[in-house]
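Going down the list, the protein sequences come from chains A, B, C and D.
Here the first sequence is numbered in our numbering, starting from 256 and rising by one per residue.
Here the second sequence is numbered in our numbering, starting from 24 and rising by one per residue.
Here the third sequence is numbered in our numbering, starting from 18 and rising by one per residue.
Here the fourth sequence is numbered in our numbering, starting from 186 and rising by one per residue.
We put the CB at the ideal spot given by N, CA and C, even for glycine.
Quick caveat: nothing in here was measured; it's all calculated off a predicted structure.
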Amino acid sequence: MNDVAVSLTQAGEASTMVPITTGTIQIVLLVSAVMFAIGMVGFLTRRNMILMFLCTELMFQASAIAMIAFGRMHLNPEGQVFVIFILTVAAAEAALALGLVVLLYRRKPTLDAEAWSELKEC
Amino acid sequence: MLSAIAHTALANVAMAGGGDSSHGLPAGAPFGFQVPIPPVVDEQSFALAAWMIWLPVLSAVLCGIYAALGVKSRLPAWTTVAALAGSFVIATITVSKLDFASPVVVHLFDWIDISWSSGSGSAGDQWHGLRANFALYLDGLSAYWILFVTFLGTMIAFYASEYMEEDTGVGYCRFFAGVSIFLFAMTALVLGENLVMLYLGWEGVGLASYLLIGYYYKKPAAVAAAKKAFIMNRIGDLGLALGIYLIWLEYGSLEFGVLFAALQSGSTGAGQYDGWAATLIPWCLMLGAFGKSAQFPLYVWLPDAMEGPTPVSALIHAATMVTAGIYLIARTMPFFLMNKDLGGHALEAVAWIGGLTALLAATIAMAQYDIKRVMAYSTVSQLGYMFMGLGLATSFGACYHVLTHAFFKALLFLCCGAVMHGFGGQLDLRKLGGIRRIPGWGVVCGAMLVGSLWLSGIPGTAGYFSKDEILAQAFISEGAGFRFLGWIGILTAGLTAYYTFRVWFRIFTGPTHFKPEESHAHDSHAGHAGMDGQEDHDFHPHAPGLRIKLVLTVLSLGAIWLAIGYFVGDVWGTQAWIKNAIMHSSAGTGLQLMPAGEHPTLFGFEPHTAMYFISGTFGLVGLSIAYWLHCANRKAADDLRAWLIGRRWIAWLPRAMEHKWYVDEIYIATIRFPLWIVSQALYMFDRVFVDGIGVNGTARLPKLAASLFQPLYNGKLQGYATSMAGGLALVIAWVVWVWMRGSV
Amino acid sequence: MTPSILYTACVVGAIGLYLIMRPHRKATRIVGTIAGAGALAFIMVKVLEGLDADAPVPILEIIFGLAAITGAARMVTHPRPVFAAIYFVVVVVSSAGMFLLMDAEFMAFSLIIVYAGAILITYLFVLMLAQDATSTAGEALYDRIPREPVAALVVGFVLLAILSDAFLLVDGGVRPDAPGMTPSLASVEEDRWMVLDGLPLQLKETVADLIESDSTDTTPAAFTIERVDGRAIRFDGTNASVDVKIADESRNIVLPVSAMPTNAQLVGWSLVATFPVSLEVAGVILLMAMFGAVVLARRQIDLGEDELRVAAGMPPLLEDEESDFAGGSS
Amino acid sequence: MQLWILLLIPLFTCVGVGFGGERNARAIALGGSLATLAWAVVLAMQFPHWQAEQWLYWPAPEANAFPVIPGLGIAVELGVDSVSLLLVLLNVFLMPCCVLGSWVAIKERRREFYIWLLVLSTCVMGVFVSRDVISFYTFFEASLVPGFFMLAIYGGPDRREASFKFFIYTFVGSLFMLLGLAYVAWQHAQQTGDWSFAISDLTTFAPTLSAGEQGWILLALLAGLAVKVPLFPLHTWLPLAHNQAPTAGSVNFAAVILKLGLYGMYVFVLPMVPEAVVTWAPTIAVLAVIGIVYAALICWVQTDVKKLIAYSSVSHMGFAVLGLLALNPLGLQGSVFYMLSHGFATGGLFLCIGMMYERYHTKDLREIGGLAFKMPVWSFFFIVLVFASVGLPGLNGFVSEFLCLIGTFTAVPGAQTGYPGVLGPWFAAVAATGMILGAMYLLYMTGKLCFGPLREPADHHEHEELPKDLSLREIAAVAPIAVVCLVFGIMPWPILHAVEPVAEAVLKPYPALVESHFEQMDAAAKVSLLTDTTLEGSR
């Protein structure tokens, strides 16, 4: 298999046909996991509503990286297609979330998420 | 009654002992029982007997209807009197038809009747059913009892028709309904063919007593007294109930006929608790009797029961109901005799408790000022005599005393009632005096004198004879300290004479003075007081009316007849007839324990003869002291009292006697109050431990578990996100560790 | 590397991030940075150690990854929102770099365009709009003090530990050479040729170019591509060829590797051919988001009575909670 | 079919009440309850086994079965024996009284109230007529729902806590009961191969289980039933629920719901697990005796009338349990009779208290008293019912109490009755002190409430709708109960005769079991003696 890959590489154009190396994908996945964890920590710890949403974007990024990496590993474009969807959702989310933030900000002039705790029962 | 006496007296010439004190009966078989005769079921010739019970019921129902209709006339009284008189007439007819030698059972209707056939099946037929039907058991004892119960009931209802007149209306109906219920229950008690029916009557008279003591229900004291009476009686009833259970457990039947047959054949019970039957049954029954008849541990309700209207005191708490205990023990005497035969001490206990109660109550009666209370304690004391008689195995003496006591005590109470009625409810003997001289009070004075003489046991009176019957027996029967008990009884006889005449002298002799009782006048005799009692010095006593006088006269004549009847035989002889009736019943079975001529002597005389002199002397001495202190020289009485109070070493005695030896206080301190504390503690326990910790605590466990996780649900969005992510992490961990790696 | 080492490193990393979060403590921040970076580096070294000796070290990936992680860490810890947003740009750019390294150049650039260009600007815009007075002066209190950092860190790093465990350790980690992980190149090639087959115009152009370069004729000959069962390209495992009929003469033309569809073409094809419904849904989502944003932005706030009372400094009305059960026994 | 109609009449009445409008609700409910009563009387007259030799159901439940899930043997089977028919009669008899008693007391949401009332009585009747475990349990639990709502909507100030406690407490208990019954059914399926939930099948099967299993089943059944009865430590829901419930609710709780527990013991516990019953009867009886004395003492210090009567129920039901565990016909008949007489007496008392409460809006003995002067008719009925409760001979309470106690008393080893028992005189003697205590607290209550000087709450004013004393409607509600108390008191034999064959059938296995129980105990005693002597010998 390696021979073919090498020949293909030598043939020029289609570097996409080269299987990814183990080190690369593990490093990339590690990075994506770390980013995801940090994003989550950020989402859970930041109290600024806007930054919370930014942290969700961070998590989107992390998952996008993982998608791309796996797509690369399986040598098909579907990983990238999913990233497109992720981008779509992220954009929609950003639009709505920011609209909501603005709305909330009009009610209480603060971005503190703690200010909104009506879910609490008692 | 005449025909009854005639009939039975003729049929039992052999029994006619007159003044003879011998009890010449043949020695019996096991336990020394007289041979019992199995009861004959005869519903034809005694069909009328059922109406003895039903007439009072009818009258009670009618009174209830009158109350509902708002009858304001004397109709309830006449209905009741008619019904009770009818009952008495029927009783007389029935008794006249009755041969004491052969008891009769009259079946009315089925009540509790259970039977079964299965089971392990080793037992005889008698245990395969529990039968306690509404049926009458007619023998000498019940005939004897029913006659005076219905007679006195009629008399007293007649008396009450005038006495209660101020309450005409609903209260009048209520009163006579109560009296009718009482008579129904009493007849059921006396005539009941089985122990359960006896128990029905037993509780029924308790109910009637409760309702009638609490007649003046607006007076808290009356309500409390009614409650006390019922509860004290219930304590006794517990004993009776346990006795009934035990009897059924041991003998498999509750019908008197079957039971007496079993006992006569020497059966000591069947179950594995052989020893218990003989030992415990009498004690249980004794407890019941003591409750109903107000003996030592349970007597305290009777003096309080005087809160009821006086006719009630006379009827229930002197003449009839309180003798139910005597009736019970007389009826179940075979059990006591069996106990004695097997070496038990039940009879001795009865005698001793009776004797000591007699003394105790007499001492209290000496120091009371309320004349009804004096009479109440006197009743307790006389009932003590009767129990003493039962315990000394002279059930004849006890029953005889029941009759005489019923007459003279009813008489005394009715006289007290007349006085109370006439003087605005005044009962304090210090505030009354010289009534004898007020016009219109002669009958009362005379009747009360008769009653007092009879109660004091002055020679020649009926009380004298019946009391001697008991006291002499103390020197005849063998038993623990019976001689000493006899002397206690004799001493009590002297005290009795003293306190009885203290009352009589104080009220009827001396200078005339009176004033009405304030609270009483305003409370229960409201209408009356409104007319007469606004100002004490304007108070005019009103003499009793015709009906009261008539009743007092009749009762006095009855009492006198009882005394005269002692001396004559045949038709008019009371003693022979009574002896015959008692001897042939279950109560008489024990009398042959003391065969004639074998008993010891007292001072070299035959005890009965000796007792005539001894107790007569004591009675006369008591009377004399009372005369000296309360009639001839009243200052001496005050001096004596001052002397007693002034000496520290003796001052406690009059004080304790006035305070009834502090028995009520002791009961409250040792039983009622601790029980109340325990109840409160239990209620606290129930709320705090059972409900609080036990139930709510258990219910709180899930809540506690939930509260561990509650901080996660603090309403903060990110908090929820944290827990969500935590859950996600756990899921992934599970996937990674278990699915992918295959192990944790 | 054993799981325990990995988990320990995660714990160290978590502690490091915690220390970085502590506001206004430079020393702890440095210690935290060192700890976090150390833990990350340690794991990376361990990962590389586990590889074959002759395997190339993915140095560029490591650089971009470290940059992204640094940006992310700084973003979640920086007390000033604007700076956090700017650090997010770092993350985006680094991720785009990693996309590039993984031959996803189209996604890389669209990421930068969409994120850094559009989304982030919006964020910044709203940030600026919604900054309250305190934050213009300095940092808002709620930006400086993280909320429940320990719980969040526990949750986050447990997740990290497990994920990295799954990625790196379970069954030797994610390995392209594991069976079934990488499809055979022939099938990949065939798939891609089939994409080209689905693009008839491009195929025709390619074939035309090939014919032109082969023949000496200056005028291109008219040709038709023959299709068998609707398929033009035949792939025999090594070479893809097309049957072409030029003037009634059939010719088999072998397609060169360079004729394969590009990455962007593959993505586009996949999008329309494999996920058409998802694509439509994505479009609808975007449309709805647009509507939603418009509606939200236009919305007037109607304060409730209680809120008005609160705003006016009055106590809120008490709710009568018994009102439903007001029957009562009598 | 007859029994289906019995259950459907109140349900259809519910529909009528629902559509009949708020004003007519009570009249329709009264009509419906009277119709149910009439139908039940018709059934009682048709019932062929009043004086039967054997224990028989009518109509035969197997013939009357309505399969639901045939594969699992689940079928609705309805049938009555004399005991359950008597309890049905108790229920339908009290229903019109309840409706009359709530006539003006319920002012809001009337329709709902009467619907709940009718549903409650349907459920209770359903329990009594079911002859299969599934419908028994369904009705048993379903009866909680109307009870819960009556309590929660129409109750007193603490109705929330009371309704929740009532519901959850009894519900949790009966879950254990379901567990026990399901275990029996499962074992039945395991061992015979057929699923069946018919009570007749399970009761014939269950005694073949081992003694250990029977013990656990007994425990599970008791967990559900003892709460309902209620037995001593499990009684605390009752004072609260009875106290807070509206009049009709209290009447129903006291008169009927409590009977469900005892009826369950009679239907399940005695026939199913005889060995365990013999082993555990003394323990349960100790609880019952404790309950009798304990609750009676607590009654004595109550100031709230309804609470007092509620605690008195705990005390009284102890007697009934004791009678049941006496394991002889006396006790069992007494126990069945106790169910009826307690239902009438206590139900009537609650009705009376409700009438008083409507006028004075208090049930605190410290605030109110001396009503005999103002309300003589009310006092009359109240006193009659109090004495029925005290156990005065001639009223119904006595017969039941007497039979229970004498049954307990004679439940001794080697009893001549042919029914040896495991309790004995001591249990009866201690329980009999309940007689004294009963008189104490009930007369304390009567004395405070009826007698003494008139005391009324300070803010009392005459009710515009109600006369000073009872109206004819109220007399119509309470007089039948008083009459029944009297009739049962002097004529108990029809009921006692009707229960005789049932008692004999239920108790059939017991004499042999009790005897072998004592033999085992003797043997165990001998063995321990033997080991002791051997040890000494070896030493």
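- Look at the segment 476-491 of chain D: the residues with a C-beta under 8 angstroms from a C-beta of chain B are Tyr479, Leu482, Ile483, Trp485, Val486, Gln487.
- Within the same chain, Tyr89 come within 8 angstroms of Leu98 (chain B) by CB-CB distance, once the 5 residues on both sides are set aside.
- Take the alpha-carbon of Leu57 (chain C) and the one of Gln733 (chain B): they are about 35 angstroms apart.
- With contacts defined by Cβ atoms closer than 7 angstroms, Gly516 (chain D) and Thr593 (chain D) form a contacting pair.
- When CB distances to chain B are screened at a threshold of 7 angstroms, the residues of the segment 544-557 of chain D falling below it are Gly555, Ala557, in chain order.
- Straight across, the Cα-Cα distance linking Ile86 (chain C) with Leu186 (chain C) is about 21 angstroms.
- With a beta-carbon spacing of about 6 angstroms, Val127 (chain B) and Pro62 (chain B) fall inside the 8 angstroms limit used to define contacts.
- Residues Val127, Val128, Val129 of the same chain have their beta carbon placed closer than 8 angstroms to that of Asp65 (chain B), with the five preceding and five following residues left out of the count.
- Trp401 (chain D) carries a helical assignment under DSSP once its states are collapsed to helix, strand and coil.
- Sequence-distant partners of Ala203 (chain C) (beyond 5 residues in either direction) whose C-beta falls short of 7 angstroms from its own C-beta, in its chain, are Gly254.
- Within the segment 224-250 of chain B, the residues whose Cβ lies closer than 9 angstroms to any Cβ of chain D are, in chain order, Gly224, Trp225, Glu226, Gly227, Gly229, Leu230, Tyr233, Leu234, Gly237, Tyr240, Lys241, Lys242, Pro243, Ala245, Val246, Ala247, Ala249, Lys250.
- Inter-segment contact for the segment 369-384 of chain B and the segment 189-207 of chain B is absent: fewer than three beta-carbon pairs are separated by less than 8 angstroms.
- Take the alpha-carbon of Tyr400 (chain B) and the one of Ala388 (chain B): they are about 5 angstroms apart.
- With contact defined as three or more Cβ pairs closer than 8 angstroms, the segment 263-270 of chain B and the segment 243-250 of chain B are not in contact.
- For Trp134 (chain B), the enclosing beta strand (DSSP E) starts and ends at 127-138.
- Taken through DSSP and simplified to helix, strand or coil, Ile254 (chain D) comes out as strand.
- The C-alpha of Leu472 (chain D) lies about 12 angstroms from the C-alpha of Leu510 (chain D).
- Around the beta carbon of Val458 (chain D), 16 or more other beta carbons lie within 10 angstroms, which makes this residue buried.
- Taking the CA atoms as reference points, Asn276 (chain D) sits about 37 angstroms from Gly397 (chain D).
- Residue environment analysis places Gln287 (chain B) among the buried positions, since at least 16 neighbouring C-beta atoms fall within 10 angstroms of its C-beta.
- Around Gly192 (chain B), the same chain offers Lys95 as residues with beta carbons nearer than 7 angstroms, after the five sequence neighbours per side are excluded.
- Here Tyr160 (chain B) is bridged, per DSSP, to B:Val128.
- Taken atom to atom, the span from the alpha-carbon of Val699 (chain D) to that of Glu689 (chain D) is near 15 angstroms.
- The Cβ-Cβ distance between Val108 (chain C) and Leu284 (chain A) does not fall below 7 angstroms.
- For Phe253 (chain B), the C-beta contacts it makes with chain D under 7 angstroms involve Ala624, Leu628, in order along the chain.
- Setting aside the 5 residues that flank it on each side, Leu676 (chain B) is surrounded in the same chain by Leu667, each with a C-beta closer than 8 angstroms to its C-beta; the list follows chain order.
- The beta carbon of Thr311 (chain A) sits no closer than 7 angstroms to any beta carbon of chain C.
- Under the three-state reduction of DSSP output, Gly509 (chain B) falls in the helix class.
- A residue is called buried when at least 16 other Cβ atoms come within 10 angstroms of its Cβ; Phe352 (chain D) meets this threshold and is buried.
- Here the C-alpha atom of His565 (chain B) lies approximately 5 angstroms from the C-alpha atom of Gly445 (chain B).
- For Ile228 (chain C), no beta strand (DSSP E) segment is defined; the enclosing uninterrupted segment is the alpha helix (DSSP H) at 217-231.
- In the DSSP assignment, Glu266 (chain C) falls within the unbroken beta strand (DSSP E) covering 266-272.
- In the DSSP assignment, Ser258 (chain C) falls within the beta strand (DSSP E) that extends over 257-263.
- The Cβ atoms of Leu639 (chain D) and Phe558 (chain D) sit closer than 7 angstroms to each other.
- Contact annotation for Gly749 (chain B) against chain C: Val172 [CB-CB distance below 7 angstroms, chain order].
- For Lys739 (chain B), at least one C-beta of chain A is nearer than 7 angstroms to its own C-beta.
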